[in-house]
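Going left to right, the sequence shown walks through residues 1 to 347 as the UniProt record's numbering numbers them.
Here a beta-carbon is modelled for each residue, glycine too, at the ideal position from N, C-alpha and C.
Predicted model only: the values in this text are computed from it and were never measured.
This report refers to the structure that appears directly beneath it.
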Amino acid sequence: MKEIEKVWEEVRELSLGWSSRSNGIERLESPPSPIRFLREFVSQNKPCIISNAISHWPALSLWPIGGGGGGCGCSYLSRVLSQSLVSLHLTPHGRADSLVQLCHDSSSDHTTSSAVCCFATAHVERVPFPRALDLVLNSSNNSDLNLNGSTATSTATSATDTDRTRMKDTRRNSKKQEEEDQKKWNMAGVAYLQQQNDCFRTEYSELAQDCEAHIPWATEALGCLPEAVNLWIGNHLSQTWFHKDHYENLYAVVSGEKHFLLLPPTDVHRMYIGNYPAAHYVYEKDENGGGEFRLEMEEPARYVPWCSVNPYPSPEDEESERSKYPLYFNGPKPFHCTLKAGDLLYL
């Protein structure tokens, strides 16, 4: 095993320009020039983190909860997107596009140690953005998400008896609508706002003025404008499975933190890629406003090549996972990096 580890280390160093003994992903304190970015990172297929790359974007002060914009960021976003329907992704556990055991309840934690697994995608609903954001902010694993609708307020300082009656009826109708909306949008599981496929320039186009349309120095280095610009809004339960992208990616964090585990392309053999039947979650609501998840297999059957390794197995599954995937667990550690607000990752 020591000989294999030495080869792994040498291949990493030769192909990516770093040693596994180094600090990992290089961090730049300011955006590089286009020529430096192209020469030192793009041409070498070498990731890097750029601090202060988007510090001039209005989004950094307008979007975060507790940020600017005349109030908290959620108020700003809900106001700007008040009329927008967005794609809300729901899973029982916060892991979309992941492997799930077919023999277990769909809300159980993932393990690949036994039984047959499928590649499961999230349940997706079109939801008004303000309510979707509430669902994301109040998500908890396997718990109901209760939305409290906004209460209508009156600006009248005085009113006749007829006006008061009308106001009471309006408030009663508003309360009834609130209850109906709350019942409609009660959901279980973990909510996540995303849609890929250029969703920032379609579903979230009203926010375009808060960000640059592209990263100028990266655009010059790469020789093209972005093919797609996507937005993700999640919470601490949101996870993305090990995967590979066939694009040059620039990830910018506007609020909170994003944790990455990165492996070089030369480590693909450690991912134990398998072909898994495709499925998707269906969230079935009951008449009382509750509901539950079930897995529905795709018809006709479709198989997806996907990484079999779960880098964070549960304590009860860790031993079996390690024995099943020794190349991953006994090999060089992945590169771990954390992006905070204002950081940008090139990958």
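Between the Cα of H236 and those of Y247, Q195, A191, L250, spot the shortest distance and give me the residue it belongs to.
Taking the first residue of the sequence shown as position 1, residue 236 is located at position 236. Of Y247, Q195, A191, L250, the residue nearest in Cα terms is A191.
F119 and Y276 look like a contact to me (Cβ under 8 Å); what is the Cβ gap, rounded to whole Å?
The count along the sequence shown starts at 1 and reaches residue 119 at position 119. The count along the sequence shown starts at 1 and reaches residue 276 at position 276. So it is a contact: roughly 4 Å between Cβ atoms.
Does DSSP classify R131 as helix, strand or coil?
Counting from one through the sequence shown, the residue named residue 131 turns up at place 131. Helix.
If you run the structure through DSSP and keep just helix, strand and coil, what is V253?
Start at 1 with the first residue of the sequence shown, and residue 253 comes out as number 253. Residue state, collapsed to three classes: coil.
At a cut of 8 Å, does the stretch 281–299 reach the stretch 309–317 through at least three beta carbon pairs?
no
Range of the contiguous alpha helix (DSSP H) that encloses F329
In the sequence shown, counting from the first residue as 1, residue 329 sits at position 329. Start and end: 326–329.
Please report the residue range of the beta strand (DSSP E) in which T338 lies.
Numbered from its first residue, the sequence shown carries residue 338 at position 338. From DSSP, the beta strand (DSSP E) with T338 extends over 335–340.
From the DSSP output, in three-state form, read off D210 for me.
Residue 210 sits at position 210 when you count from the first residue of the sequence shown. If DSSP states are grouped into helix, strand and coil, D210 belongs with the helices.
DSSP three-state call for A221: helix, strand or coil?
Here residue 221 refers to the residue found at position 221 of the sequence shown. A221: helix per DSSP, three-state reduction.
Where E321 falls, given that 16 or more other Cβ within 10 Å makes a residue buried
As a working mapping, residue 321 is identified with position 321 in the sequence shown. Flag for E321 reads buried.
Is the stretch 253–261 in contact with the stretch 214–228, if contact means three or more CB pairs nearer than 8 Å?
no
Identify the continuous alpha helix (DSSP H) that holds A191 and give its terminal residues.
Position 191 of the sequence shown, counted from the first residue, corresponds to residue 191. Counting along the chain, A191 falls outside any alpha helix (DSSP H), though it belongs to the beta strand (DSSP E) covering 190–193.
Can you name, in chain order, every residue of its own chain whose Cβ lies under 8 Å from the Cβ of L137, other than the five neighbours on each side?
In the sequence shown, counting from the first residue as 1, residue 137 sits at position 137. Hits under 8 Å: I65, C74, N235.
Would you identify the three-state DSSP class for S87, choosing helix, strand or coil?
In the sequence shown, the residue the question calls residue 87 occupies position 87. Three-state DSSP puts S87 in a strand.
Thinking just about the alpha-carbon of each residue, which of H56, I25, T338, G189 is nearest to the one in D210?
Mapped onto the sequence shown, residue 210 falls at position 210. The candidate whose alpha carbon is nearest that of D210 is H56.
For residue 397, which of helix, strand or coil comes out of DSSP?
Residue coverage of the chain in this structure runs from 1 to 347, which leaves residue 397 outside it and unanswerable.
On a Cα-Cα basis, can you pick out the residue from K324, G274, K285 that is closest to W306?
Counting from 1 along the sequence shown, the entry for residue 306 is found at position 306. Nearest of K324, G274, K285 to W306, Cα basis: G274.
Quick check: S51 and E29, are their CB atoms within less than 7 Å of each other?
Position 51 of the sequence shown, counted from the start, is the residue given in the question as residue 51. Position 29 of the sequence shown, counted from the start, is the residue given in the question as residue 29. Taking 7 Å as the Cβ cut-off, S51 and E29 qualify as a contacting pair.
Alpha carbon to alpha carbon, what distance is there between I25 and Y251?
For this step, residue 251 is matched to residue 251 along the sequence shown. For this step, residue 25 is matched to residue 25 along the sequence shown. Near 14 Å, if we compare the C-alpha coordinates of I25 and Y251.
Hey, L88 and V254: beta-carbon distance below 7 Å or not?
Along the sequence shown, one-based indexing puts residue 88 at 88. Along the sequence shown, one-based indexing puts residue 254 at 254. No, the pair does not count as a contact, with Cβ atoms beyond the cut-off.
When you compare only the Cα positions, how much space is there between H93 and I35?
Taking the sequence shown and counting its residues from 1, one reaches residue 93 at position 93. Taking the sequence shown and counting its residues from 1, one reaches residue 35 at position 35. Roughly 43 Å between the two C-alpha positions.
Compare the C-alpha of Y76 against each of C224, H336, F129 and name the closest.
Mapped onto the sequence shown, residue 76 falls at position 76. Comparing Cα positions, the closest option is F129.
Proximity of V7 and T266 at Cβ, strictly below 7 Å:
On the sequence shown, position 7 is the one that residue 7 refers to. On the sequence shown, position 266 is the one that residue 266 refers to. Not closer than 7 Å, so no.
Nearest CA to the CA of Q194: which residue from V124, F41, L225?
As a working mapping, residue 194 is identified with position 194 in the sequence shown. If we check each option's Cα against that of Q194, V124 comes out closest.
Based on DSSP bridge pairs, tell me the residues matched to P305.
Numbered from its first residue, the sequence shown carries residue 305 at position 305. Partner(s): N275.
Grouping DSSP H, G and I as helix and E and B as strand, with all else coil, what is Y76?
Stepping through the sequence shown from its first residue, residue 76 is reached at position 76. Y76: helix per DSSP, three-state reduction.
Who pairs with V294 in a beta bridge, going by DSSP?
To locate residue 294, count along the sequence shown from 1; it is residue 294. Correcting the residue identity first, residue 294 is Arg in this sequence and not Val. Bridge partners of R294: V282.
Span of the beta strand (DSSP E) holding A120?
Locating residue 120 in the sequence shown gives position 120, where the first residue counts as 1. Counting along the chain, the beta strand (DSSP E) containing A120 begins and ends at 117–121.
Beta-carbon spacing of P31, L347 below 7 Å:
Locating residue 31 in the sequence shown gives position 31, where the first residue counts as 1. Locating residue 347 in the sequence shown gives position 347, where the first residue counts as 1. Contact: no.
Opposite L62 in the DSSP bridges: which residues?
Mapped onto the sequence shown, residue 62 falls at position 62. Paired residue(s): none; L62 is not in a bridge.
Local conformation of S98 per DSSP, three classes:
Here the question's residue 98 lines up with position 98 in the sequence shown. Looking at S98 - three-state DSSP - the assignment turns out to be strand.
Pick helix, strand or coil for I25, following the three-state DSSP scheme.
The residue labelled residue 25 in the question sits at position 25 within the sequence shown. DSSP places I25 in coil when its eight states are reduced to three.
My guess is that L207 and V80 are in contact by the Cβ rule of under 8 Å, so how many angstroms apart are they, rounded?
As a first step, residue 207 must be located in the sequence shown, where it is residue number 207. As a first step, residue 80 must be located in the sequence shown, where it is residue number 80. Rounded, the Cβ-Cβ distance is 6 Å, consistent with contact.
Taking the beta carbon of S226 as the centre, do at least 16 other beta carbons fall within 10 Å, making it buried, or is it exposed?
Taking the first residue of the sequence shown as position 1, residue 226 is located at position 226. The identity of residue 226 in the sequence shown is Pro, whereas the question assumes Ser. P226 comes out buried.
Own chain, CB closer than 6 Å to D245, minus 5 neighbours either side, in chain order
Counting from 1 along the sequence shown, the entry for residue 245 is found at position 245. Same-chain partners within the cutoff: there are none.
Given that a residue counts as buried once 16 or more other Cβ atoms are within 10 Å of its Cβ, and exposed if not, what is L339?
The residue given as residue 339 occupies position 339 in the sequence shown. That one is buried.
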